[in-house]
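Comments concern the structure below.
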Amino acid sequence: IIGKNGAGKSNLLKILSQVTGPTVGEIKVKGRIASLLEVGNGFHPELTGWENIYLNGAILGMTKTEIKRKFDEIVAFSGVERYIDTPVKRYSSGMYVRLAFAVAAHLEPEILIVDEVLAVGDAEFQEKCLGKMKAVSGEGRTVLFVSHNILAIKNICKRGLLMKNGNLVSDNTIDRVIADYVASGSQFGFNEMLDPDLATYNTGEGHIRRISLITEKNSGTDILYEEPIKLKVNFELYEQVDDFIMDVRILTKEGNAIAYAMPKYDKQPIMNLPNGKYSQHIVIENKLQPDAYFLNIGIHFGKGRTIHYFEKVIQIRVLSVGSDDSNYPVSWTDGYTRPKTSWRLENWA
């Protein structure tokens, strides 16, 4: 289930999980539901980790024997063995999500509902979670997954739902729905305010507030081959940042980084910036093959410490020259760029 912030995705999951009742209409559910919504939902804070495992299993209608059979697997997956006898109110948000996901995924519900709380975990644990969700789906059970991670959605799901302003606007194969999503301006659109909490890294010392992609034809996130990638990034610093750096990373659909832009590579001076609001204008030469690409954008201290960083914040689509509708997928054997090349032919004797 995909859509911009405020589209109604999380509310839909709360209704399906029976956390919130619908104002009108009804829901019909066939099968046991295990849901992982926002952090803090589903566990009793005063109970220990192992007590909450048994509590959640009982809520799902499982017997004590069934829960015991899965107990060691849940604890091992979560990685919180040392703290399993500690009340969960003392867990960090990352530990909480680890255990909550392990419980939801391993207690064999017919329907697993997951909101994008996985952003709290580290990259390794996120990969474990995505792998487990794919395994659950492969066992013939239903997975309802809300995420802004297009690659994860495409890897796990066969069917997609696109929501906008509380309405379902597309219900189709996942590839078709992702195409509709990208055409509508992707997660953050091409000129929208950002939710700082959706960032991959966030120290609180500064925030990227808005990212605008400026195209020649005002065509959303579509740009023509050789049309420069023009970005305007509005950001705010809450304290002085010495050796300030902003960078842009370009990735393939599969998540492989293929280009990296930062001021020092273009012999631009590194600046010390006092607290305040700024707009950074960026123009990147575009020699990318026609295909879809992601952009990562972040702000950093010059000594390598990240302040605020968004991964896959915008998905752009590079189109072939002469046909706005062309979008030929690139094979790895073609490479990802078309460098300007001169050719001269002569007779060889």
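The sequence shown runs 1226 to 1574 under this note's numbering. Note that the Cβ used here is the ideal one computed from N, Cα and C, for glycine as well.
Anticipated Cβ contact below 8 Å, A1329 with S1260, distance rounded | 7 Å
Secondary structure at P1488, three-state DSSP: helix, strand or coil?
-> For P1488, the secondary structure class from DSSP, reduced to helix, strand or coil, is helix.
The beta strand (DSSP E) spanning M1287 covers which residue range?
-> From DSSP, M1287 is part of no beta strand (DSSP E); its letter is neither H nor E.
Is V1402 near I1539, with beta carbons less than 8 Å apart?
-> no
Residue-level contact to chain D via CB, I1278, 8 Å cutoff | Reference to chain D is not applicable here, since this structure consists of a single protein chain.
Could you tell me which residues DSSP pairs with L1238 in its beta bridges?
-> According to DSSP, which records beta bridges pairwise, L1238 is partnered with nothing at all.
Span separating the alpha-carbon of S1303 from that of S1317 | Just so you know, the alpha carbons of S1303 and S1317 end up roughly 13 Å apart.
Excluding the 5 residues preceding and the 5 following G1501 in the sequence, name in chain order all residues of the same chain whose CB lies nearer than 7 Å to its CB.
-> The residues are L1462.
Look up Y1308 in the DSSP assignment and say whether it is helix, strand or coil.
-> It is helical.
Assigned exposure category for K1353 - 16 Cβ within 10 Å defines buried | buried
DSSP three-state call for F1278: helix, strand or coil?
-> For the record, residue 1278 in the displayed sequence is Ile; it is not Phe. In this structure, I1278 counts as helix in the three-state DSSP scheme.
Assign T1245 to one of two classes, buried (16 or more other C-beta atoms within 10 Å of its C-beta) or exposed (fewer than that).
-> Of the other Cβ atoms in all chains shown, fewer than 16 fall within 10 Å of the Cβ of T1245; this residue is therefore exposed.
Whole-angstrom Cβ separation of T1477 and Y1518, contact assumed at under 8 Å?
-> 6 Å
Could you tell me whether the Cβ atoms of V1300 and I1292 are closer together than 8 Å?
-> no
Cβ-Cβ distance between I1336 and I1258 below 8 Å = yes
C-alpha distance - L1438 paired with N1511, whole-angstrom precision | 14 Å
Rounded separation between R1241 and Y1490 - CA only = The sequence as given places Leu at residue 1241; Arg does not occur at that position. Roughly 50 Å separates the two Cα atoms.
Under the DSSP definition of a beta bridge, which residues are partnered with A1482?
-> L1476
Would you check if there are 3 or more beta carbon pairs closer than 8 Å linking the region 1456 to 1471 to the region 1520 to 1533?
-> yes
Among the residues of its own chain, which have a CB less than 6 Å from the CB of W1275, if the five just before and after it don't count?
-> I1309
Once you ignore the five residues that flank Y1561 on each side, which residues in its own chain have a CB closer than 7 Å to its CB?
-> T1477, I1483, L1513, Q1514 and V1555
What residue range is occupied by the uninterrupted alpha helix (DSSP H) comprising L1332?
-> Per DSSP, L1332 belongs to no alpha helix (DSSP H) and is neither H nor E.
Pull up the distance between the alpha-carbon of V1661 and that of N1281, whole angstroms please.
-> For residue 1661 there is no data in the structure shown, the boundaries of the chain being 1226 and 1574.
T1440 versus I1509, L1570, M1320 and N1459, residue with shortest Cα-Cα distance | Nearest C-alpha to T1440 among I1509, L1570, M1320 and N1459: I1509.
Report buried or exposed for M1496, applying the criterion of at least 16 other Cβ atoms within 10 angstroms of its Cβ.
-> exposed
So, V1313 versus L1272, is the Cβ gap smaller than 8 Å?
-> yes
Might you give, ordered along the chain, the residues of its own chain that have their beta carbon closer than 8 Å to the beta carbon of P1270, omitting 5 neighbours on each side?
-> P1312, V1313 and K1314
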